[in-house]
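Structure first, commentary second.
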Amino acid sequence: MIPLLLIPILSYAQVPELPPVELGIGNREVVWIVMQVHLLFAAFILGAPIFVVLCEFIGMRTKDARYDRLAKEVTKVTSIAYSLTALFGGFAILVLIGLYPEITSYMIRRFFPMVAIIYPLLFIGETVTLYSYWYTWDIWKEKKGRHLAVGILLNLFGLATMFAINAPTSFMNTPPRPLATATLWQAINNYTWMPLNLHRTVGNITFGGFITGLIAAYLYMASKKDEDKAFYDWMGFVGNLIGIAALIVLPLMGYIYALEFYKYDASAGLYLMSDRLSMHWEINGVLTGATFLAGNFYIWLSMKRVEGANRFAPYVKAGFIIILICNAIWMTPRHFWPVMQVPEDLLTKVELPPHLGFLALMQAKNTAAFLTVLVTLINYLLYRRALKTGKIIWGKIDFISQYVLIFLGFTSIWTMAFMGSVRSFARKYFHVYLYIKDTTPESYTPTLAFTTAMATLITWVFFILVSFAIWLALISGMQKKGKEG
Amino acid sequence: MVERSFWQKTKWKLVISVALSVIIWIVSGLIGFPRLFQWMFMGYVIGGLLFFILLDARPMKERSGGAAVLSVIIFYLIISFVYTINGALWPQYNPEEEKEKIAKLMKSVVSPKQKIGELEAKVEELSKKVEELSTRPAAPVAAPAPSGEAAKKAAEKVAGIPAKAGPSPELIAQGKEVYDLYECYNCHKIGGKGGVKRRGPELDHAGKEFTAEQLKKRIWYPYAPGTKATKGFEKEFEEQTMPDYYNEQISKEEMAALVAYVLSLK
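Chains A and B supply the protein sequences, listed in that same order. Per this note's numbering, residue 78 is the first one in the first sequence, and the count goes up by one each step. Per this note's numbering, residue 180 is the first one in the second sequence, and the count goes up by one each step.
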């Protein structure tokens with residue numbers, strides 16, 4: 078018996094050293110896609126329940142059945158998305174171990190009690206509460222309080238799970254120094270952990286809201302009956318509202334996050350904002366501008382169909398002009414050059430002269446962001462004013478609004494895929510910034526063009542899967558009902 | 180109310196956009212914006228024009244079934260194309276340059292497995308050293324310039340610089356390379372070059388102000404007790420803008436060259 082027991086130990090000792098797997102199509106790109114798709118699903122399943130529970134609560138208080146239906150339908154999609162999250166999560170771990178064994182093993186050892194005990198427990202908690210929340214929806218129809226409590230518990234598990242996994246992520250960007258003597262808690266509570274938590278929480282709500290808008294747009298297009306159309310029109314409106322409401326605090330969260338990079342290491346902050354990754358913020362500017370314009374455009378389309386709302390048109394248009402100007406300021410860089418130092422002979426061609434340099438300063442950007450947010454708020458208030466005097470007929474909206482919703486869904490996914498890589502690039506050629514070098518041939522930062530192409534590819538992968546989930550959860554059911562009815 | 184035709188609605192927008200473009204072009208040119216920025220503003224006017232045309236467009240026809248699916252897919256393709264191309268329009272950095280740089284920075288790298296343990300041990304050792312430094316009496320800051328044989332020996336001891344004939348031009352050139360490799364120029368100006376904003380002090384005369392040992396300490400341990408902030412940079416000193424980790428990154432040999440380079444700036 079005893080020799081038998083020894084076999085595993087002996088064979089362990091004989092395991093030959095194997096180099097990391099080489100896929101030949103770029104190990105980094107494979108991890109990039111798998112991790113990002115996993116993250117997009119995770120963002121959705123963590124973001125959606127936050128406002129789902131809120132909607133259920135509003136439905137309970139106002140007795141407006143639409144809120145409950147919205148909450149339920151989004152939860153149905155969430156439960157399918159949840160299994161896809163887990164699937165890609167498992168896949169991500171396999172890929173990481175196969176392609177980046179050393180750093181993966183280091184990270185697991187570094188965060189061992191967390192990844193081995195806390196994370197699995199949270200995962201189980203999340204699974205149990207999510208499925209209970211979904212399956213008790215009808216059973217506890219009369220016991221809304223109890224059902225809501227499960228929903229709140231689900232959110233607590235969700236947030237805790239995200240905070241937990243944000244620890245290793247932020248650790249790789251800003252590890253505690255000196256690392257050798259850092260405790261587990263110091264590794265978790267590193268410089269950018271809390272800012273990342275905040276940024277991702279708010280970002281996930283934005284994302285969830287816009288995906289809700291996307292679901293609504295799909296179903297609006299698929300609806301045959303007027304009452305369905307009315308409902309999905311309304312749902313699109315609420316989704317956009319949630320997305321926009323969270324979006325207006327997002328620039329502030331981003332600012333806090335970036336500031337923490339500077340505090341951790343000024344040269345990391347510079348690298349991120351002014352040096353090698355500075356042009357990436359131009360893309361971010363395009364995306365933020367497009368999102369604000371589209372979100373406000375949608376509010377305007379919703380307003381336009383309210384009787385007598387045309388009197389607000391001049392104000393709304395003035396608001397759009399302000400947003401455009403602000404976005405131009407937001408996007409005016411110090412120079413059009415991919416690194417901080419511009420060659421002497423190009424200086425006057427690509428760089429702002431010193432007396433205009435203020436346009437590139439944070440104060441100018443913050444003012445522009447503030448004004449954009451202000452205009453958005455005013456637009457919403459105008460919409461409320463319009464509703465006081467005119468009536469809204471749900472289900473009758475300019476059809477282009479559905480494309481606006483789809484655009485917002487697509488753009489928010491693309492933005493996350495893109496900015497996620499920017500966060501990752503901020504580590505330069507390190508796995509763990511300044512401590513563990515990435516010794517693979519792909520430690521360099523790819524070109525901006527390559528990165529945007531990757532973001533598009535990832536968005537497509539995610540979109541196809543999400544569209545499938547929506548179809549599976551809602552559209553197929555609707556069509557069946559339609560045939561029966 | 181009669182719905183105005185597309186052309187009627189668009190006519191004025193076009194006129195206004197053209198007028199606006201001309202005004203913006205002239206004014207921005209006068210204020211001193213470089214051409215590239217002026218073109219960006221033109222892009223904005225065009226984008227704004229398109230947006231306003233969309234804003235006033237006639238309501239769109241409802242679509243359903245296959246037509247809706249197809250239109251959505253085409254819409255996705257268009258956005259994807261625009262977003263992907265957008266990335267290629269901005270200035271790009273050639274990864275080959277970066278790879279070269281990384282290869283230089285990696286030279287001393289051992290296998291990552293060893294490294295992790297080693298590095299952590301090294302850090303510990305270094306933090307001990309800092310402690311030692313702090314318990315030692317602070318180095319005399321404005322020490323009279325050492326002269327003669329003793330000074331040469333001292334210099335040799337601290338920076339590994341062959342002091343017999345002063346630092347060789349090759350060593351100084353290597354030092355310049357180290358300076359560039361670690362991108363000190365992002366914060367420091369030398370001869371008016373580097374640092375867009377004034378993030379750190381000019382190093383033009385650092386060779387006169389520091390001895391080799393002081394420089395080495397200043398770069399490796401910028402916040403070792405006893406170090407005083409550079410005049411005018413008290414806030415940056417307080418915020419520890421100058422990186423405090425070069426002791427983990429810049430090797431002894433690299434430091435010898437770097438110090439020789441900075442000392443040559445007089």
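Just so you know, even glycine gets a beta-carbon here, dropped at the ideal spot from N, CA and C.
Taking only beta-carbon atoms, is B:Phe-230 less than 8 Å away from chain A? Along the second sequence, read from residue 1 onward, the residue named residue 230 of chain B stands at position 51. With 8 Å as the cut-off, B:Phe-230 counts as an interface residue toward chain A.
Residues in its own chain within less than 7 Å of A:Ala-386 by CB, not counting five upstream and five downstream? Indexing the first sequence from 1 puts residue 386 of chain A at position 309. Hits under 7 Å: Met-380, Ala-463, Gly-467.
Would A:Ser-344 pass as an interface residue toward chain D - the criterion being a Cβ-Cβ separation below 8 Å? Of the protein chains in the structure, A and B, none is chain D.
Between A:Val-543 and A:Gln-263, what straight-line distance do the alpha-carbon atoms span, to the nearest angstrom? Numbered from its first residue, the first sequence carries residue 543 of chain A at position 466. Numbered from its first residue, the first sequence carries residue 263 of chain A at position 186. Approximately 37 Å, taken between the alpha carbons.
How about A:Glu-94: is its C-beta nearer than 8 Å to some C-beta of chain B? Here residue 94 of chain A refers to the residue found at position 17 of the first sequence. Put simply, the CB of A:Glu-94 is far from chain B, with every gap to its CB atoms at 8 Å or more.
Does the region 120-128 of chain A touch the region 147-164 of chain A, meaning 3 or more C-beta pairs lie closer than 8 Å? Because the criterion of three Cβ pairs below 8 Å is met, the region 147-164 of chain A and the region 120-128 of chain A touch.
Is the shortest distance between the beta-carbon of B:Glu-417 and the beta-carbons of chain A less than 8 Å? If you number the second sequence from 1, residue 417 of chain B lands on position 238. False, the Cβ-Cβ gap to chain A never drops below 8 Å.
Can you check whether the CB of B:Ile-258 is closer than 8 Å to the CB of A:Phe-484? Taking the first residue of the first sequence as 1, we reach residue 484 of chain A at position 407. Taking the first residue of the second sequence as 1, we reach residue 258 of chain B at position 79. Yes.
Is the number of C-beta pairs between the region 213-226 of chain B and the region 251-261 of chain A that are closer than 8 Å three or more? Contact fails: fewer than three Cβ-Cβ distances are below 8 Å.
Got a sec: is the Cβ-Cβ distance from B:Pro-325 to anything in chain A below 8 Å? Here residue 325 of chain B is taken as the residue at index 146 of the second sequence, counted from 1. The predicted position of B:Pro-325 is uncertain, since its pLDDT is 40 and thus under 50; a value taken from the coordinates is nonetheless stated next. Output row for B:Pro-325: interface = no.
Going by C-alpha to C-alpha distance, which of A:Trp-214, A:Leu-401, A:Phe-495 sits closest to B:Met-221? Within the second sequence, numbered from 1, the residue matching residue 221 of chain B stands at position 42. Of the residues A:Trp-214, A:Leu-401, A:Phe-495, the one whose Cα lies closest to the Cα of B:Met-221 is A:Leu-401.
Per-residue DSSP class, three states only, for B:Ile-369: Locating residue 369 of chain B in the second sequence gives position 190, counting from the first residue. Of the three classes helix, strand and coil, the one that applies to B:Ile-369 here is strand, per DSSP.
On a CA-only basis, which of A:Lys-149, A:Val-450, A:Thr-283, A:Phe-188 is nearest A:Met-249? Give me that one, please. Taking the first sequence and counting its residues from 1, the one referred to as residue 249 of chain A is at position 172. Taking each of A:Lys-149, A:Val-450, A:Thr-283, A:Phe-188 in turn and checking the Cα distance to A:Met-249, the smallest one comes out for A:Phe-188.
Got a sec? Which residues, its chain only, sit under 7 Å from A:Tyr-309 by beta carbon, not counting five neighbours each side? Locating residue 309 of chain A in the first sequence gives position 232, counting from the first residue. Ala-293, Leu-296, Tyr-297, Ser-300, listed in sequence order.
Among B:Asp-423, B:Glu-279, B:Thr-189, B:Pro-404, which has the Cα closest to the Cα of B:Ile-398? The residue labelled residue 398 of chain B in the question sits at position 219 within the second sequence. In this structure, B:Asp-423 is the residue among B:Asp-423, B:Glu-279, B:Thr-189, B:Pro-404 with its C-alpha nearest to the C-alpha of B:Ile-398.
Compare the C-alpha of A:Ile-477 against each of B:Trp-191, B:Glu-241, B:Gly-227, B:Cys-363 and name the closest. Along the first sequence, one-based indexing puts residue 477 of chain A at 400. Ranking the options by Cα distance to A:Ile-477, first place goes to B:Glu-241.
In angstroms with no decimal places, state the Cα-to-Cα distance between B:Ser-290 and A:Thr-517. Translated into the one-based positions of the second sequence, residue 290 of chain B becomes position 111. Translated into the one-based positions of the first sequence, residue 517 of chain A becomes position 440. Reliability of the predicted coordinates at B:Ser-290 is poor, the pLDDT of 36 falling under 50, and no value is obtained from them.
Which listed residue (A:Ala-241, A:Phe-287, A:Thr-283, A:Arg-254) has its alpha carbon closest to that of A:Met-271: Position 194 of the first sequence, counting from 1, holds the residue named residue 271 of chain A. That would be A:Ala-241, whose Cα lies nearest to the Cα of A:Met-271.
Can you tell me where the beta strand (DSSP E) with A:Phe-507 in it begins and where it stops? Here residue 507 of chain A refers to the residue found at position 430 of the first sequence. Residues 507-509.
Take the Cβ of B:Ala-352 as the centre, count every other Cβ of all protein chains shown within 10 Å, and call the residue buried at 16 or more, exposed below. What you label residue 352 of chain B is simply residue 173 of the second sequence in a count that begins at 1. Exposed: under 16 other Cβ atoms inside 10 Å.
Taking all protein chains shown into account, do 16 or more other C-beta atoms lie within 10 angstroms of the C-beta of B:Gly-211, making it buried, or fewer, making it exposed? Position 32 of the second sequence, counted from the start, is the residue given in the question as residue 211 of chain B. Exposed: under 16 other Cβ atoms inside 10 Å.
Against chain A, does B:Met-239 count as a neighbour if the rule is that its beta carbon must be under 8 Å from one of theirs? In the second sequence, counting from the first residue as 1, residue 239 of chain B sits at position 60. Yes, B:Met-239 lies at the interface with chain A (some Cβ there is under 8 Å from its Cβ).
DSSP three-state assignment for A:Ile-513, whether helix, strand or coil: As a first step, residue 513 of chain A is located in the first sequence; it is residue number 436 there, counting from the start. Three-state DSSP puts A:Ile-513 in a strand.
Can you name, in chain order, every residue of its own chain whose Cβ lies under 6 Å from the Cβ of B:Gly-339, other than the five neighbours on each side? For the purposes of this step, residue 339 of chain B is taken as residue 160 along the second sequence, with counting starting at 1. With a pLDDT of 48 at B:Gly-339, under the threshold of 50, the modelled position of that residue is not reliable, and the figure given next carries that caveat. Within the same chain, and ignoring the five residues on either side of B:Gly-339 in sequence, the residues whose Cβ sits closer than 6 Å to its Cβ are Ala-435.
Quick check on the DSSP output: the alpha helix (DSSP H) that includes A:Pro-126 runs from which residue to which? As a first step, residue 126 of chain A must be located in the first sequence, where it is residue number 49. According to the DSSP assignment, A:Pro-126 belongs to the alpha helix (DSSP H) that extends over 104-139.
Compute the Euclidean distance between the alpha carbons of B:Val-194 and A:Ile-376, then round it to the nearest angstrom. As a position in the second sequence, residue 194 of chain B is number 15, starting the count at 1. As a position in the first sequence, residue 376 of chain A is number 299, starting the count at 1. Looking at the two C-alpha atoms, the distance is approximately 27 Å.
Taking CB distances under 8 Å as the criterion, tell me whether B:Lys-278 reaches chain A. For the purposes of this step, residue 278 of chain B is identified with residue 99 of the second sequence, where counting begins at 1. Chain A contact via Cβ: present.
For the alpha helix (DSSP H) holding A:Gln-440, just list the boundary residues, first then last. In the first sequence, residue 440 of chain A corresponds to position 363, counting from 1. A:Gln-440 -> alpha helix (DSSP H) spans 439-466.
Name the chain B residues that come within less than 9 Å of A:Asp-352, Cβ to Cβ? On the first sequence, position 275 is the one that residue 352 of chain A refers to. In chain order, Glu-362, Asn-365 make up the part of chain B whose C-beta sits under 9 Å from the C-beta of A:Asp-352.
Between A:Met-356 and chain B, is the shortest Cβ-Cβ distance under 8 Å, so that the two count as touching? Locating residue 356 of chain A in the first sequence gives position 279, counting from the first residue. Judged by the 8 Å Cβ criterion, A:Met-356 is in contact with chain B.
I'd like to know whether the C-beta of A:Leu-413 is nearer than 8 Å to at least one C-beta of chain B. On the first sequence, position 336 is the one that residue 413 of chain A refers to. Before going on, a small fix: residue 413 of chain A reads as Phe here, not Leu. Yes, contact with chain B.
Interface residues of chain B around A:Phe-484 at Cβ under 8 Å? As a working note, residue 484 of chain A is residue 407 in the first sequence. The contacting residues are Phe-254, Ile-258.
In whole angstroms, what separates the C-alpha of A:Arg-344 from that of A:Glu-359? Within the first sequence, residue 344 of chain A is the residue found at index 267, counting from 1. Within the first sequence, residue 359 of chain A is the residue found at index 282, counting from 1. Before going further, note that residue 344 of chain A is Ser rather than Arg in the sequence given. C-alpha separation (whole angstroms): 20 Å.
Touching or not, the region 411-431 of chain A and the region 246-253 of chain B, by the rule of three or more beta carbon pairs under 8 Å? The region 411-431 of chain A, when compared against the region 246-253 of chain B, does not touch it at the 8 Å Cβ threshold.
As assigned by DSSP and simplified to three states, the class of B:His-384: Taking the first residue of the second sequence as 1, we reach residue 384 of chain B at position 205. Note: B:His-384 maps to coil in three-state DSSP.
Hey, how far is the Cα of A:Trp-214 from the Cα of A:Glu-337? Here the question's residue 214 of chain A lines up with position 137 in the first sequence. Here the question's residue 337 of chain A lines up with position 260 in the first sequence. Roughly 42 Å separates the two Cα atoms.
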